[in-house]
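A.B. asks: Each protein sequence line maps, in turn, to chains P and E. If you use the UniProt record's numbering, the first sequence corresponds to residues 1 to 191, in order. If you use the UniProt record's numbering, the second sequence corresponds to residues 1 to 855, in order.
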Amino acid sequence: MGSNASIMLQQEDLQNICQQTGFTAKQVQRLYSRFKTLDKRDCGFLTREDLLCIPEVNINPLGERLIDVIMDDYGENNKINFKQFIFLLAKFRRGRVKSSTTEFNTRDSKLRFLFDMYDRNHDMKIDREELLQVLKMMVGGNIHDDQIATIADHTIGELDSDGDKSITFEEFCKTLERIDADDKMSMKFLS
Amino acid sequence: MYQNKHSIFLIILLGFIIHKYYCKEQTYEHKPNKPLRFHVAEFNFDHVSDVYAITLWILLGSLAKIGFHLSHRLTEKFPESCLLIILGLIVGGLLYVTHLTEQKAYVLNSDTFFLFLLPPIILEAGYFMPNRPFFDNLGTILLLAIVNTLFNTICIGLTLWGFQFTPLYGGTQFEMLPCLVFAALISAVDPVAVLATFSEIHVNDMLYIVVFGESLLNDAVSVVLYRMFASFANIGQPNIIVMDIVLGCLSFFVVALGGVLIGIIFGVIGCFTTKFTEHTPVLEPLIVLVYAYLAYLTSEMVSVSGILAITFCGMVMKQYVSFNISKKSDATTEYVLKMLSSIMETIIFMFMGLSTVSDSHSWNTGFVFMTILLCLVFRVIGIAIFANIANCWRLLELTRIDMLIMSYGGLRGAIAFALALVLDEAKIARKKEFVTATIAVVFFTVFIQGITIGPLVKLLNVRRKQIEEPTMSAKLTNRMMDHVMTCLEEISGSGGSNSLRDRVRNLDRNYFKRWLLREPPDRKDIKLLQTFKKINTLTAMRVHDTARGLVPSASTATVQQGIPEHHHLRSHSAYGNVSELIAANLPENTVPDLMSYENHEGEHHHNDAEMHHFLDTNLYSARPRAAIHLRNQDETGSSDDGTHARFEKSYHHRDQRYLPTRLERELPHGPKTISKTIHNANRPIGLTNSSPKHTRSPPTTHQQPNPRSRSRSIAAHQHSPIPSGQRTKSISKDSRISPLASTHIENEGTGRTAAERSRPWRHLSITEETGASSSKTANIPLANGNDPNLHHIPLTVADFGGTYTKSPEYMGEYATTTKPEEPSSRPDVRDIFNKQSEDVSEQQDDGSTESITRL
Chain P
1 MGSNASIMLQ QEDLQNICQQ TGFTAKQVQR LYSRFKTLDK RDCGFLTRED
51 LLCIPEVNIN PLGERLIDVI MDDYGENNKI NFKQFIFLLA KFRRGRVKSS
101 TTEFNTRDSK LRFLFDMYDR NHDMKIDREE LLQVLKMMVG GNIHDDQIAT
151 IADHTIGELD SDGDKSITFE EFCKTLERID ADDKMSMKFL S
Chain E
1 MYQNKHSIFL IILLGFIIHK YYCKEQTYEH KPNKPLRFHV AEFNFDHVSD
51 VYAITLWILL GSLAKIGFHL SHRLTEKFPE SCLLIILGLI VGGLLYVTHL
101 TEQKAYVLNS DTFFLFLLPP IILEAGYFMP NRPFFDNLGT ILLLAIVNTL
151 FNTICIGLTL WGFQFTPLYG GTQFEMLPCL VFAALISAVD PVAVLATFSE
201 IHVNDMLYIV VFGESLLNDA VSVVLYRMFA SFANIGQPNI IVMDIVLGCL
251 SFFVVALGGV LIGIIFGVIG CFTTKFTEHT PVLEPLIVLV YAYLAYLTSE
301 MVSVSGILAI TFCGMVMKQY VSFNISKKSD ATTEYVLKML SSIMETIIFM
351 FMGLSTVSDS HSWNTGFVFM TILLCLVFRV IGIAIFANIA NCWRLLELTR
401 IDMLIMSYGG LRGAIAFALA LVLDEAKIAR KKEFVTATIA VVFFTVFIQG
451 ITIGPLVKLL NVRRKQIEEP TMSAKLTNRM MDHVMTCLEE ISGSGGSNSL
501 RDRVRNLDRN YFKRWLLREP PDRKDIKLLQ TFKKINTLTA MRVHDTARGL
551 VPSASTATVQ QGIPEHHHLR SHSAYGNVSE LIAANLPENT VPDLMSYENH
601 EGEHHHNDAE MHHFLDTNLY SARPRAAIHL RNQDETGSSD DGTHARFEKS
651 YHHRDQRYLP TRLERELPHG PKTISKTIHN ANRPIGLTNS SPKHTRSPPT
701 THQQPNPRSR SRSIAAHQHS PIPSGQRTKS ISKDSRISPL ASTHIENEGT
751 GRTAAERSRP WRHLSITEET GASSSKTANI PLANGNDPNL HHIPLTVADF
801 GGTYTKSPEY MGEYATTTKP EEPSSRPDVR DIFNKQSEDV SEQQDDGSTE
851 SITRL
């Protein structure tokens, strides 16, 4: 499949992508073949269902939310094509040295992605409802709504410094100062 | 006369009895030739000598440790291990001079070392192993532990042997196999030394775990190599066939995997046992210790790696046991482990110094020098090679500086020494040289490297360990990152460590937790909830720490409202805010931010109620606990008591165990001052309201009849009550004004003024207040009778300190208001007291009764 994929990927596209994202050609090809594998109907884009077919994503508590983010923010019309796909993943490439960081895989953009996981209405704030949704997904269904609400309030209380009962991106970043978000939000791409 | 006769008879009788028993004594003693007398006390040292010596050692070690830490100058410059070795050397010298060294108990023998001294240290290390960094770096650790150790052994052994052809050793002959045996014991990094050194320099988790993990896991390799080469030496070099070497390699897997397996098995059994200890909680810590020790002994028995066994046993148990056993047992386990390992470490280092002073040395300058040099050189080379190899797959690469610290942190220690001591002199002729060289290497690494590694870390600006408080948001986001990265790894098809971790986590949740926990988790993310509980408890502790008087009055307010309200459960934000504010105003040293606190509190009623409810249903409710400070809580009803008891218990813990250092205590001025002001403001209400019939006493002293706004009432002249939806906003708004307001209230107590006359209950607080805040100079009359909060006197730390010293009395005072009037609820509280028999609770009781009589 790997050889197949490389044929289908135009050479200049490949170079373009490599240059923009910082992936090596091999990595791009590998991701392309992965893309093709996921794209079962062979129509050049992935849909929500395609991604949900991956068992780990399916059972992951945040899987659907992640796909929401992917589809809404990175794809269009509930589809994501390869270029969008690879730009999405470029965010999580680890910048080994300073020179290899592109506009995609800065710490800021990683945090932004994380922030977007909460902020679904794109008002640049995480409000209580959004936090509640995420909490419910992560903690599971057996817990009482009140309890979730308490946790949500607590969390907002921790982060919220300007007192508007919602979390802005700056406030969000502040908590993550101590966490090595850059490392944790990176992954190894096979080449 | 008659009486005299009687007494004479009595004396005779007594004499007869004594005589008879005397005879018996004589027959027992079998010493007919020496007339024996009864001894009131006998001196029988032989009977206890061994244990006595050991106990003395422990005492000496503890005293030494205490002594070293009294002098900060000493411990800043030298690691503890160095000081202990020096002490050992001194004592050893004394013993050597007095020829006491011949007695066994005074020197380190390898049996004592491996059976008693080593296991607690390793268990502690395993039990407190930071799991996540460990498994994240497992690949690197294994590579270093196995391949690097092998590499080091072979290289050092062969090079040492090779140098015998040069005149460097002064003509002393070393055979190849003994050299390899020696290399096997000398090339393994020592966990004890690494722990002792790295715990003082606080490098980041990753670096620490890589070095420490290596030192733990290389035990399997070094045990195998040591045993293999030793038995090869026994067999004799010419007789070795290929089969022996193959079997040696095979035995590595047996030793390593066998050790891990035994550890895990015993760990699982241990967890399983704690599932049923609900009624015998006192045994819980013991179970942890015993199973771990058993794992160690078992694996030593079947000659697999005991260190691996006990490490993994500790790691497994930590995962599940802490869910099962009670909080107290958990704390005890941790404490006992820390205590044991710390004292064992002390003794090991002391013994090392001690055993150095003996006759069994043979100094060979060339050999010693070469050994030290080769250890250093090959350590650096090995790390350079294997860290670079590891970097090929590592996400977070090891930098040059990391590598330098890793190689510099390769300390040798007591294990090598103990292994050198057990060498068989009949087979290995150069044992004395080896022992001497081992000691030299150990001393070199512990002294030179141990002392310089701290400054080196500072110099190279190595990323330090960050001690972070658990916050809900961080935990949540962390967990979210895990989930997101797992998904993305799956999507991108690059199945990395995240998805692996996810699989392990699923397995753990679906099977192990179900089998091993008392209450199988029914939630998806038990850890997230746990964090929340932990944060809440921490907050509670802090509140309690800063404001002991707060609790009763708070709950009296609760009675009024009929809502269970808890100040301890307040969200963290109050503190964040206050401390920020304090930080901004620290130079002036005067910023009690009452307003934010008060407002917060006011609007938090519902929130707190919810939180309380949540905790009530979700906190571990193994069984009722002793209610120590339970006073006014009695009124709030039975459901309330449980939670409170739990919190009070944790306070109690804090008082006893987690007493922060002075600095920490004084740092958060904000909460402390606030709590005091609150305390002052609230207490009156608490007093007036805790009337026998639980009726709400008319709020005579306040304009607002609604008790819900009580907390705000003080600030009322400046702020109208803010709708609860905006509570957080109000903090920041108030923070500018609040210092003034709070200072007013602070002084309120001191002013004997109109306020006092209008509020007779205030009298009480005044008497105490004036005593407490001795630094305050003036009692300024109040300008405004309605609102006694108009004085600007900067507060000092001493003021706040006053509250601390006074607080027991406060508690007593509260007790008087409620205790006699609560005959119905009192008994069951007493029951709990009796059950747990806490001396502190008794103390508290005493205090309360005292105050009853006082009033």
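Backbone N, C-alpha and C define an ideal beta-carbon position, used for all residues, glycine too. Owing to the predicted nature of the structure, the values given are computational and were not obtained by experimental measurement.
Would you list the one or two residues that DSSP bridges to residue 187/P?
C.D. replies: Position 187 of the first sequence holds residue 187/P. DSSP output for residue 187/P lists 93/P as bridge partner(s).
A.B. asks: Tell me, please, whether the CB atom of residue 400/E is closer than 8 Å to any CB atom in chain P?
C.D. replies: The residue given as residue 400/E occupies position 400 in the second sequence. Chain P contact via Cβ: absent.
A.B. asks: Going by Cα to Cα distance, which pick from 171/E, 487/E and 507/E is closest to residue 52/P?
C.D. replies: Reading the first sequence from its first residue, position 52 is the one you call residue 52/P. Closest option to residue 52/P, Cα to Cα, is 487/E.
A.B. asks: Alpha carbon to alpha carbon, how far is residue 281/E from residue 153/E? Give it in angstroms, no decimals.
C.D. replies: By one-based count along the second sequence, residue 153/E stands at place 153. By one-based count along the second sequence, residue 281/E stands at place 281. Taking the straight line joining both Cα atoms gives about 47 Å.
A.B. asks: When the distance is taken between beta carbons, is residue 442/E closer than 8 Å to residue 410/E?
C.D. replies: If you number the second sequence from 1, residue 410/E lands on position 410. If you number the second sequence from 1, residue 442/E lands on position 442. No. Outside cutoff.
A.B. asks: Please report the distance separating the alpha-carbon of residue 32/P from that of residue 146/E.
C.D. replies: As a working mapping, residue 32/P is identified with position 32 in the first sequence. As a working mapping, residue 146/E is identified with position 146 in the second sequence. Distance between the alpha carbons of residue 32/P and residue 146/E is about 37 Å.
A.B. asks: Just to confirm before moving on: does the CB-CB distance between residue 184/E and residue 222/E stay below 8 Å?
C.D. replies: Mapped onto the second sequence, residue 184/E falls at position 184. Mapped onto the second sequence, residue 222/E falls at position 222. Closer than 8 Å, so yes.
A.B. asks: Show which residues of chain E have a CB atom less than 7 Å away from the CB atom of residue 186/P.
C.D. replies: As a first step, residue 186/P is located in the first sequence; it is residue number 186 there, counting from the start. Residues of chain E passing the Cβ test: 395.
A.B. asks: If you measure beta-carbon to beta-carbon, which residues of the segment 449-479 of chain E are closer than 7 Å to chain P?
C.D. replies: Correct list: 466, 468, 471, 472, 473, 474, 476, 477, 478 and 479.
A.B. asks: Can you grab the Cα-Cα spacing for the pair residue 205/E / residue 265/E, in whole Å?
C.D. replies: Within the second sequence, residue 205/E is the residue found at index 205, counting from 1. Within the second sequence, residue 265/E is the residue found at index 265, counting from 1. Roughly 28 Å separates the two Cα atoms.
A.B. asks: Candidates 298/E, 224/E, 259/E and 260/E: which alpha carbon is nearest residue 245/E's?
C.D. replies: In the second sequence, counting from the first residue as 1, residue 245/E sits at position 245. It is 224/E.
A.B. asks: Suppose you measure from the CA of residue 133/E to the CA of residue 314/E; what does that come to, to the nearest Å?
C.D. replies: On the second sequence, residue 133/E is found 133 positions in, with the first residue counted as 1. On the second sequence, residue 314/E is found 314 positions in, with the first residue counted as 1. The straight-line gap from Cα to Cα measures roughly 16 Å.
A.B. asks: Identify every residue that forms a DSSP beta bridge with residue 537/E.
C.D. replies: Within the second sequence, the letter at position 537 stands for residue 537/E. Note: residue 537/E sits in no beta bridge, so no partner.
A.B. asks: Is there a Cβ from chain E that is less than 8 Å from the Cβ of residue 52/P?
C.D. replies: To locate residue 52/P, count along the first sequence from 1; it is residue 52. Not one chain E Cβ lies under 8 Å of residue 52/P.
A.B. asks: Any beta carbon of chain P sitting closer than 8 Å to that of residue 491/E?
C.D. replies: For this step, residue 491/E is matched to residue 491 along the second sequence. Answer yes: the Cβ-Cβ gap between residue 491/E and chain P drops below 8 Å somewhere.
A.B. asks: Three or more C-beta pairs under 8 Å: does that hold for the segment 310-325 of chain E against the segment 38-57 of chain E?
C.D. replies: Because the criterion of three Cβ pairs below 8 Å is not met, the segment 310-325 of chain E and the segment 38-57 of chain E do not touch.
A.B. asks: Can you check whether the C-beta of residue 14/P is within less than 8 Å of a C-beta belonging to chain A?
C.D. replies: The question asks about chain A, but that chain is absent: this structure's protein chains are P and E.
A.B. asks: Got a sec: is the Cβ-Cβ distance from residue 218/P to anything in chain E below 8 Å?
C.D. replies: No statement about residue 218/P is possible, as the shown extent of chain P runs from 1 to 191 and does not include it.
A.B. asks: Looking at C-alpha atoms only, which residue of 81/E, 35/E and 77/E is the closest neighbour of residue 349/E?
C.D. replies: For the purposes of this step, residue 349/E is taken as the residue at position 349 of the second sequence. Cα-wise, what sits closest to residue 349/E is 81/E.
A.B. asks: Quick check: the segment 292-311 of chain E against the segment 124-143 of chain E, are there 3 or more CB pairs under 8 Å?
C.D. replies: They touch, by the three-pair rule.
A.B. asks: Start and end of the alpha helix (DSSP H) containing residue 80/P?
C.D. replies: In the first sequence, residue 80/P corresponds to position 80, counting from 1. Premise fails: residue 80/P lies in the beta strand (DSSP E), 79-81, not in any alpha helix (DSSP H).
A.B. asks: Quick test of the definition: if touching needs 3 or more C-beta pairs under 8 Å, does the segment 385-405 of chain E touch the segment 162-174 of chain E?
C.D. replies: Touching, no, given that fewer than three Cβ pairs across the two stretches are closer than 8 Å.
A.B. asks: Residues of the segment 58-83 of chain P with a CB closer than 7 Å to any CB of chain E: list them in chain order, please.
C.D. replies: Residues passing the 7 Å Cβ filter: 60, 61, 62, 63 and 66.
A.B. asks: If contact means a Cβ-Cβ distance below 7 Å, which residues of the segment 113-133 of chain P contact chain E?
C.D. replies: Hits within the stretch, in order: 114 and 117.
A.B. asks: According to the neighbour-count rule (16 or more other Cβ atoms, all chains shown, within 10 Å of its Cβ), is residue 145/P buried or exposed?
C.D. replies: Counting from one through the first sequence, the residue named residue 145/P turns up at place 145. Flag for residue 145/P reads exposed.
A.B. asks: Buried or exposed, going by whether 16 or more other CB atoms sit within 10 Å of the CB of residue 418/E?
C.D. replies: Mapped onto the second sequence, residue 418/E falls at position 418. The residue in question, residue 418/E, is buried, as its Cβ has 16 or more Cβ neighbours within 10 Å.
A.B. asks: Using three-state DSSP, classify residue 167/P as helix, strand or coil.
C.D. replies: Position 167 of the first sequence, counted from the start, is the residue given in the question as residue 167/P. In this structure, residue 167/P counts as strand in the three-state DSSP scheme.
A.B. asks: Please list the terminal residues of the continuous alpha helix (DSSP H) segment that includes residue 261/E.
C.D. replies: If you number the second sequence from 1, residue 261/E lands on position 261. Here the alpha helix (DSSP H) through residue 261/E covers 242-274.
A.B. asks: Starting from the N-terminal side, write out each stretch of the alpha helix (DSSP H) that is 4 residues or longer and does not extend beyond the segment 176-253 of chain E.
C.D. replies: Listed in chain order, they are 176-186, 191-201 and 205-235.
A.B. asks: From 259/E, 180/E, 449/E and 267/E, pick the residue whose C-alpha is nearest to that of residue 234/E; which is it?
C.D. replies: Here residue 234/E refers to the residue found at position 234 when the second sequence is read from its first residue. Closest by alpha carbon: 180/E.
A.B. asks: Using a 10 Å radius around the Cβ and a threshold of 16 neighbouring Cβ atoms, would you call residue 405/E buried or exposed?
C.D. replies: One-based indexing of the second sequence puts residue 405/E at position 405. It counts as buried.
A.B. asks: Using 8 Å as the limit for Cβ to Cβ distance, is residue 488/E near chain P?
C.D. replies: As a first step, residue 488/E must be located in the second sequence, where it is residue number 488. By this cut-off, residue 488/E is an interface position.
A.B. asks: Which first and last residues belong to the beta strand (DSSP E) in which residue 46/P is found?
C.D. replies: In the first sequence, the residue the question calls residue 46/P occupies position 46. Here the beta strand (DSSP E) through residue 46/P covers 45-47.
A.B. asks: Under the rule that 16 or more other beta-carbon atoms within 10 Å means buried, what is residue 94/P, buried or exposed?
C.D. replies: Residue 94/P sits at position 94 when you count from the first residue of the first sequence. Label assigned to residue 94/P: buried.
A.B. asks: Work out the CA separation of residue 110/P and residue 73/P for me, nearest whole Å.
C.D. replies: Looking up residue 73/P in the first sequence gives position 73. Looking up residue 110/P in the first sequence gives position 110. C-alpha separation (whole angstroms): 14 Å.
A.B. asks: For chain E, is any of its Cβ atoms less than 8 Å away from the one on residue 56/P?
C.D. replies: Taking the first sequence and counting its residues from 1, one reaches residue 56/P at position 56. Yes, its Cβ sits closer than 8 Å to a Cβ of chain E.
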